[in-house]
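This report concerns only the one structure given below.
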Amino acid sequence: MSGGIQVFPFYIICDVSKSMNGERINSVNSGLPFIHKEIISDPVVSEKARLGVISFSTEARIELPLSKLDNVLKMPVLQAGGQTNFATAFQLASTTIESDVDALKREGYSVLRPCAYFITDGRPGDAWKKARDQWVDKSINKYAPNIICFGVADADEATLKRLTTRFTFMADRGTSTANALHEVMRSITSSVVSTTRGSEAQLSIPAAGDSFRVLDNDDEKKDG
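Residue numbers (the numbering used here): 168 to 391.
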């Protein structure tokens with residue numbers, strides 16, 4: 168993706184189904200301003216990072232359009248409710264990323280491969296595999312992203328390993344889900360900051376929090 172100044176598009180794609188209500192969604196909502204603060208406090212990071220937020224339950228919606236966070240006064244507040252439908256998130260993310268990257272390129276930026284941080288506390292209630300595979304297929308989706316998954320509570324390991332293209336982070340059994348989600352938001356922040364501070368234009372994989380273990384994924388070897 169050639170052009171001028173390099174920018175990294177990052178997307179937080181967050182489950183807001185009814186099981187996320189209460190302390191769980193509060194942990195995510197308290198983490199979003201932290202991400203905002205950390206990004207805008209570093210001029211290098213702020214210049215290179217672009218962040219968008221997509222929520223999903225029965226339907227998916229754009230909570231924060233892809234933005235330079237210097238231009239964002241307040242981060243969104245997510246509301247929980249509905250079912251856990253993965254496919255609607257993948258479909259919206261795919262069309263949104265394509266539109267966003269095209270817009271950045273028209274503005275003269277050199278856009279690096281997008282990264283999606285996918286957060287869920289449950290199992291999908293829909294047929295999602297076809298939508299996922301179309302989203303990450305570089306032969307039909309020129310802006311296929313890296314996907315890093317974070318699973319907490321009742322999230323299924325096999326499902327997330329099938330979904331991710333890089334790494335899957337699973338919260339340990341018995342861990343406070345609210346605390347685990349707090350760690351997720353800090354891990355995402357660290358990944359964004361490290362990636363955009365780096366000189367090699369490569370995605371920095373989040374460090375696993377104390378409550379998480381890292382699962383291997385075969386696609387990691389293929390995608391690079």
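Note that beta-carbon positions come from the ideal geometry of N, C-alpha and C, so glycine has one too.
| query | result |
| --- | --- |
| Cα-Cα, which of R364, Q258 and I355 is closest to G376? | I355 |
| Between M352 and I202, which are expected to be in contact by the criterion C-beta below 8 Å, what is the C-beta distance as a whole number of angstroms? | 7 Å |
| Contact defined as beta carbons within less than 8 Å: I believe T344 pairs with A320. What is the distance between those atoms, to the nearest angstrom? | 5 Å |
| For P245 versus V303, is the C-beta spacing smaller than 8 Å? | The displayed chain sequence assigns Leu, not Pro, to residue 245. No, they are not a contact pair. |
| Going by alpha carbons, who is nearest to D339 out of S208, A322 and T362? | A322 |
| Any idea what DSSP makes of E230, helix, strand or coil? | strand |
| With three or more C-beta pairs closer than 8 Å as the rule, is the stretch 259–275 touching the stretch 198–216? | no |
| Would you call the stretch 243–259 and the stretch 219–230 touching, i.e. three or more CB-CB distances under 8 Å? | yes |
| Assign K204 to one of two classes, buried (16 or more other C-beta atoms within 10 Å of its C-beta) or exposed (fewer than that). | exposed |
| Secondary structure at I221, three-state DSSP: helix, strand or coil? | strand |
| Looking at I172 and V220, is the spacing between their C-beta atoms short of 8 Å? | no |
| Name, in chain order, the residues that DSSP records as bridge partners for T263. | DSSP output for T263 lists no bridge partner at all. |
| Assuming Q392 contacts G189 (C-beta within less than 8 Å), just tell me the rounded distance between them. | Outside the shown range of the chain, which is 168 to 391, sits residue 392, and nothing can be said about it. |
| Along the chain, where does the alpha helix (DSSP H) that runs through T362 open and close? | T344 to R364 |
| What number of angstroms, rounded off, separates the C-alpha of T363 from the C-alpha of K185? | 34 Å |
| For R333, count neighbouring Cβ atoms within 10 angstroms of its own Cβ and tell me buried if that reaches 16, exposed if not. | buried |
| With distance defined between alpha-carbon atoms, name the residue in M187, T342, N346 and S261 nearest to I307. | S261 |
| For T331, does the three-state DSSP call read helix, strand or coil? | coil |
| Assuming G198 is part of the alpha helix (DSSP H), what are its boundary residues? | E190 to I207 |
| For V239, which of helix, strand or coil comes out of DSSP? | coil |
| What residues in its chain sit with their C-beta under 6 Å from that of L370, if we drop five residues either side in the sequence? | C282, N313 and T362 |
| With distances taken between CB atoms, is the gap from F177 to K215 smaller than 8 Å? | no |
| Taking just the CA atoms, how far does L348 sit from S277? | 32 Å |
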